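Q: Mind having a look at this structure? Questions to follow.
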Amino acid sequence: MYIGIGIFLLLVGLVIVFAYNGDMMIAGLDLGVIGWIAIGLGVLAILLSLVLDRRRRRPVVYDDRY
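The number in the working numbering is simply the position in the sequence shown, starting from 1, with 372 added.
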């Protein structure tokens with residue numbers, strides 16, 4: 373569920389950090405730092421999604437004795 377949000381944040385952060393060549397300070401905010409934060413949140417969301425998905429999967433046991 374969160375894997376899409378994580379990929380989006382990761383891509384936005386990578387574009388801000390590595391592809392944006394304009395002024396990195398807008399209204400007192402450093403866009404480089406915001407990009408690195410978005411990358412970190414994206415990776416965290418992807419990892420959290422994978423861990424939670426693994427916990428939800430339960431093995432299904434069929435009883436064919438009848």
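Cβ coordinates follow ideal geometry from the N, Cα and C atoms, glycine included. The structure displayed is predicted, hence computed values, not measured ones.
(1) When we look at the beta-carbon of Gly385 and count the other beta-carbons within 10 Å, is it buried (16 or more) or exposed?
(2) Within 10 angstroms of its Cβ, does Leu382 collect 16 or more other Cβ (buried), or is it exposed?
(3) For a test of the three-state rule: what should DSSP assign to Asp395, helix, strand or coil?
(4) Is Gly378 near Val415, with beta carbons less than 9 Å apart?
(5) Rounded to the nearest angstrom, what separates Met397 and Leu413 at their Cα positions?
A: Quick answer:
(1) The residue you call residue 385 lines up with position 13 of the sequence shown. So Gly385 ends up on the buried side.
(2) Residue numbering aside, residue 382 sits at position 10 when the sequence shown is read from its first letter. Buried, by the Cβ-count rule.
(3) Working through the sequence shown from its first residue, we reach residue 395 at position 23. Looking at Asp395 - three-state DSSP - the assignment turns out to be coil, as it is neither helix nor strand.
(4) Position 6 of the sequence shown, counted from the start, is the residue given in the question as residue 378. Position 43 of the sequence shown, counted from the start, is the residue given in the question as residue 415. A contact, by the Cβ cut-off of 9 Å.
(5) On the sequence shown, residue 397 is found 25 positions in, with the first residue counted as 1. On the sequence shown, residue 413 is found 41 positions in, with the first residue counted as 1. Spanning the two alpha carbons is a distance of roughly 21 Å.
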